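For the sequence shown, position 66 matches number 66 in UniProt numbering, and the numbering has no gaps at all.
Backbone N, C-alpha and C define an ideal beta-carbon position, used for all residues, glycine too.
This structure is a prediction, so every number in the text was calculated from the model and none was measured.
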Amino acid sequence: MAENITPEEYLKIITDASNSVKSRIEAEKQLSNPRVMIICGSGLGGIADQLHSEPRIEIPYPEIPGFKESTVPGHAGKLLFGLIGPKKVPVMCMLGRLHFYEGYTFQETTLPVRLASKLNIETVVVTNAAGGTNPGFKSGDLMVISDHINFPGLAGYHPLRGPNLSEFGTRFQPLSDAYDFELRKLFFNKARHELKLTRTIHEGTYLFAAGPTFETRAEVRMIRMLGGDAVGMSTVPEVIVARHCNMRVMALSLITNTAVGEEPPSAFEENPKPLDEGMASHAEVLETADEASKDVQKIIEAVVNEL
Ligand code: HPA
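Set out below in structure tokens:
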């Protein structure tokens, strides 16, 4: 999909994708009208384990017209339709998201959200792995996102750039209340009062950096100055498109590493600190996600059960 694709061409891609998916799910009555989209972040695909074992329908991305393949380790690359929680809420799980840094355009990375809108899904629950830039955050903490900084977006790399898709939403989409207040309250109630989780839960601002490199120390200090509590390479484009489609959004970051913002060791010092202290790695991201994923799964189930 070229960057300068026309709205007509993009709308056709969205329609083809949704027709293809509809034809696969309509035979299974309980799954044919999913209510919630759940986007599973790095290492958080275990959310799928919360779905009832049947009925389930799996559709690998290559079988959906217009969908790109997920190329990142820890991202499976399929849509999974199933039921979640005691109330058996029908959901569409995105197992393996598509990132801008993989070389995909924003139209490609957010196509699944447009598809969800075409399926009349009204709520999107987004999860991600993120680096903690707030000095008070530690690895394994959770952060409910209450606001974001679209860093590439402010410089012109924006998912809504180009002619407006007016059948979905408005040209000048407000984002001051992008992260649904009631859903955030529901999350805290479930996590604290019902599930009584002891894991630390923050609320804060997520800064979207295009990646794929992890941030330099100077960039981490800049993100702190800008008010970013956590930094990651996803979520914001999907949230913006979901809001453009008038879907309600809840988003959750699992802090998989604490971003290093201290000055690098000076080569002029007699006994400099070791260079690799605190260096971020994808292996660390997946390890922390694996360790914390059970809690994330439980909360997502409890929240989605009420939707
Ligand atoms: N930076 C950006 N993205 C991330 C990080 C990070 O430190 N950790 C997990 N995703």
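What separation, rounded to the nearest whole angstrom, lies between the Cα atoms of residue 251 and residue 266? 39 Å
Pair within 8 Å by beta-carbon distance, residue 121 and residue 36: yes
Give me the DSSP bridge partner(s) of residue 145. 204
Tell me whether residue 81 is buried or exposed, calling it buried when 16 or more other Cβ atoms sit within 10 Å of its Cβ. buried
Cα-Cα separation, residue 47 to residue 160: 29 Å
Considering only C-alpha positions, which residue in the set 44, 289, 133 is nearest to residue 202? 133
Are the CB atoms of residue 45 and residue 286 nearer to each other than 8 Å? no
Can you tell me which of the three DSSP states residue 172 falls into? coil
So, is residue 79 buried or exposed, given that buried needs 16 or more other C-beta atoms within 10 angstroms? buried
What's the gap between the Cα of residue 158 and the Cα of residue 213? 19 Å
Do residue 205 and residue 255 come within 8 Å of each other at the CB atom, strictly closer than that value? no
Please state whether the Cβ-Cβ distance between residue 306 and residue 186 is less than 8 Å. yes
Kindly examine the ligand HPA and report whether one of its heavy atoms sits closer than 7 Å to the Cβ of residue 123. no
Do residue 142 and residue 199 have their C-beta atoms closer together than 8 Å? yes
I'd like to know if the stretch 214–226 and the stretch 237–252 are in contact, where contact means that at least 3 CB-CB pairs between them fall below 8 Å. no
Where the alpha helix (DSSP H) through residue 109 begins and ends: 106–109
As assigned by DSSP and simplified to three states, the class of residue 280: coil
Considering only C-alpha positions, which residue in the set 151, 39, 53, 9 is nearest to residue 230? 151
Let's see if you can read the secondary structure: which residues bound the beta strand (DSSP E) around residue 60? 57–60
Beta-carbon gap between residue 124 and residue 300 smaller than 8 Å: no
Bridge partners for residue 258 per DSSP, in chain order? 132
I need the straight-line Cα distance from residue 67 to residue 234, nearest angstrom please. 17 Å
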